[in-house]
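Quick notes on the structure that follows.
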Amino acid sequence: MTTPRSLDRLLLASLIAGQDIDLNWNAFSENDWDRIVRLSEEEGVSPLLYWALSNSGMMSVLSKQCQRRLLAMYTATRLKNEQILLELQTLTELFYEAHIQVVALKGVCYILTIYPDIGLRPMGDIDLLLSSSKLSIPRRIAKKNGYVEEIPEAFPGFIDILSSEISLRKTSVPFVRLDLHNSLLAERSLNYAVPANWYWEQIEPLVNTKINYLQTLKPEAQLLLAAAHAVLKHGRADVPLGWYYDIDCLIRFYINRMDWEKTFSYSRTFQWQSALEVALLQTVNYFNTPIPPDVFSSCSKNKDRNQELVTKEQRRTATQVLNEYQNFRVLNWYQRFLLVLILIMPSPSYIYWRYNLRTYWSLPAWYIYRWWSICKDGLGTIWLLIQKELLEKGR
Amino acid sequence: MTPNRFTSRVIIPEHVLIQELDGEAVLLNLKNETYFGLDSIGLRMWQVLTTSSTIYEASEILLNEYDVSSETLENDLHKLLDRLVEQGLIEVIENE
């Protein structure tokens, strides 16, 4: 039986949601199950598939090999997440001692709250929002505890002036990646930024966990963030099924607390209605999520500036220069000066990392290569803009 | 280089976790995030390999437990050892 990927995705969603499916499972061959299991791995939901099939007693219809793969995936996720939570506990205590508030975001927050088992959601990293206006302070703390930067700083002080997040990686057990933010979804293009203070009005203690001093966002903020993160950052077509399942779990878990009016009000303020609408539509489509009937009419009342971003797949700008120009527009003059400096003369360690060098002696040549690339990209951009202009005049 | 089975032993690196489940097991390498499933025989081989003082001793124990020729056992044991080493799930070291 060969089915399009979109149908397999729907079937997979129904399986992990434990919905009744009117299908003749006997007609499902070993290959069909193999395809579904592989898809579940790609979509980040194989532990969920294992869990759902085990709970429904359907596991026996799968081949032994598929059963083993799912069990292994679930177990590996559980083992890794246990390590991540231990690390989270250590980090939270360290930041607390430095008077920095810690808010658990996305994966780490979900497995501590909305998922019934910590082995059900694979996590790529620990995402934390910190109450530190300068990211260099928590970075110093993390570095003292065995973390190194994923990307070397392009210019001294760069992270405190131009960045709202840093990525670190632990060089010893448990080798986790750590993403520290002091603002959310306010990346370099800043086209869907939210005032940083808003997040601090949305926090509440994370109760019923063994981790002290940890906080989380209120359900409305979590829902908005999950929707915006999925749809605005990745584009509707590229969102893995697991992220829609997060949204489904969020809504079901906080069903009695979720203030939809408040959610719409925030989404209007931040012009996130279109992202919220798309994320909710997709989630309901996949998981039959219980959402009040008037939700979609409220969502589509107003269209916002991000409409194009969510209806089309998110596209990269045609050239790197245009991309940097997007960033440039939202910065003040000092930040613009720094950005130009970073582009032209980044630190040697950054060049070493960026061009994957093995020795330092070739560094000068790579600076020259970088300048040449920028000039080439600049000329390409000018040519592109001329073509565009001519095309528009032709019309 | 092939390890000397009479003088080498198997150790579990610090970054490897194991979870046993109903006679089977899953090994997880935290460093590269790869995992490896062991069936009941693979698990037994792992247990014996990681607790014996040499690879030779491990193969002798397994030979007593399983009704199999020493050639087949050696072959299977080395296949498993190679795959586990390749994925960073064990390290083979020389005894001092």
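One line per chain: the protein sequences are A and B, in this order.
FYI, the numbering for the first sequence is 4 to 398, going by the numbering used here.
FYI, the numbering for the second sequence is 12 to 107, going by the numbering used here.
Backbone N, C-alpha and C define an ideal beta-carbon position, used for all residues, glycine too.
Using the Cβ count rule (16 or more neighbours within 10 Å means buried), how would you classify residue i?
{"i": "residue 107/A", "result": "buried"}
{"i": "residue 47/B", "result": "buried"}
{"i": "residue 222/A", "result": "buried"}
{"i": "residue 378/A", "result": "exposed"}
{"i": "residue 93/A", "result": "exposed"}
{"i": "residue 40/A", "result": "buried"}
Quick one: Cα of residue i to Cα of residue j, how far?
{"i": "residue 85/A", "j": "residue 121/A", "result": "8 Å"}
{"i": "residue 24/B", "j": "residue 99/B", "result": "8 Å"}
{"i": "residue 365/A", "j": "residue 68/A", "result": "50 Å"}
{"i": "residue 257/A", "j": "residue 220/A", "result": "12 Å"}
{"i": "residue 360/A", "j": "residue 151/A", "result": "18 Å"}
{"i": "residue 15/B", "j": "residue 12/A", "result": "50 Å"}
{"i": "residue 82/A", "j": "residue 28/B", "result": "7 Å"}
{"i": "residue 98/A", "j": "residue 186/A", "result": "17 Å"}
{"i": "residue 64/A", "j": "residue 44/A", "result": "19 Å"}
{"i": "residue 105/A", "j": "residue 145/A", "result": "13 Å"}
{"i": "residue 140/A", "j": "residue 374/A", "result": "32 Å"}
{"i": "residue 135/A", "j": "residue 170/A", "result": "15 Å"}
{"i": "residue 200/A", "j": "residue 263/A", "result": "21 Å"}
{"i": "residue 391/A", "j": "residue 383/A", "result": "12 Å"}
{"i": "residue 334/A", "j": "residue 340/A", "result": "9 Å"}
Nearest to residue i by alpha carbon, out of the options?
{"i": "residue 78/B", "options": "65/B, 58/B, 67/B, 52/B", "result": "52/B"}
{"i": "residue 123/A", "options": "150/A, 76/A, 88/A, 91/A", "result": "76/A"}
{"i": "residue 20/B", "options": "29/B, 36/B, 30/B, 60/B", "result": "60/B"}
{"i": "residue 138/A", "options": "109/A, 125/A, 101/A", "result": "101/A"}
{"i": "residue 70/A", "options": "52/A, 82/A, 12/A", "result": "52/A"}
{"i": "residue 7/A", "options": "35/A, 396/A, 393/A, 130/A", "result": "35/A"}
{"i": "residue 253/A", "options": "359/A, 173/A, 112/A", "result": "112/A"}
{"i": "residue 358/A", "options": "225/A, 16/A, 372/A, 345/A", "result": "372/A"}
{"i": "residue 209/A", "options": "148/A, 95/A, 143/A", "result": "95/A"}
{"i": "residue 260/A", "options": "326/A, 226/A, 175/A, 340/A", "result": "226/A"}
{"i": "residue 89/A", "options": "166/A, 78/A, 177/A", "result": "177/A"}
{"i": "residue 174/A", "options": "166/A, 149/A, 153/A", "result": "149/A"}
{"i": "residue 26/A", "options": "296/A, 78/A, 40/A, 61/A", "result": "61/A"}
{"i": "residue 202/A", "options": "214/A, 269/A, 322/A", "result": "269/A"}
With a threshold of 7 Å on Cβ separation, who are the neighbours of residue i within its own chain once the five nearest residues in sequence on each side are excluded?
{"i": "residue 381/A", "result": "324"}
{"i": "residue 37/A", "result": "69"}
{"i": "residue 168/A", "result": "182, 183, 184"}
{"i": "residue 74/A", "result": "53"}
{"i": "residue 55/A", "result": "18, 19, 21"}
{"i": "residue 370/A", "result": "354"}
{"i": "residue 16/A", "result": "244, 289, 290"}
For residue i, which residues in the same chain have their Cβ closer than 6 Å to its Cβ, ignoring the five residues on either side in sequence?
{"i": "residue 34/B", "result": "51"}
{"i": "residue 234/A", "result": "278, 281, 282, 313"}
{"i": "residue 353/A", "result": "155, 157"}
{"i": "residue 66/B", "result": "16, 19"}
{"i": "residue 247/A", "result": "285, 286, 289"}
Starting from the beta carbon of residue i, find every residue of chain D whose beta carbon is closer than 7 Å, and list them in chain order.
{"i": "residue 26/B", "result": "You won't find chain D in this structure, because its protein chains are A and B."}
Using a Cβ-Cβ cut-off of 8 Å (strictly less than) and excluding sequence neighbours within five positions of residue i, which residues of its own chain qualify?
{"i": "residue 58/A", "result": "21"}
{"i": "residue 292/A", "result": "250, 251, 254, 255, 283, 286"}
{"i": "residue 63/B", "result": "20, 21, 69, 72"}
{"i": "residue 245/A", "result": "46, 47, 48, 51, 124, 125"}
query = Counting only runs that start and end within the segment 33-99 of chain A, where is the alpha helix (DSSP H) found for 4 or more residues in a row?
reply = 33-45, 49-59
Any beta strand (DSSP E) of 3 or more consecutive residues that is wholly inside the segment 93-141 of chain A: The qualifying runs are 105-107, 129-133.
Entirely enclosed alpha helix (DSSP H) segments - the segment 30-103 of chain B, minimum 4 residues:
51-62, 66-76, 81-97
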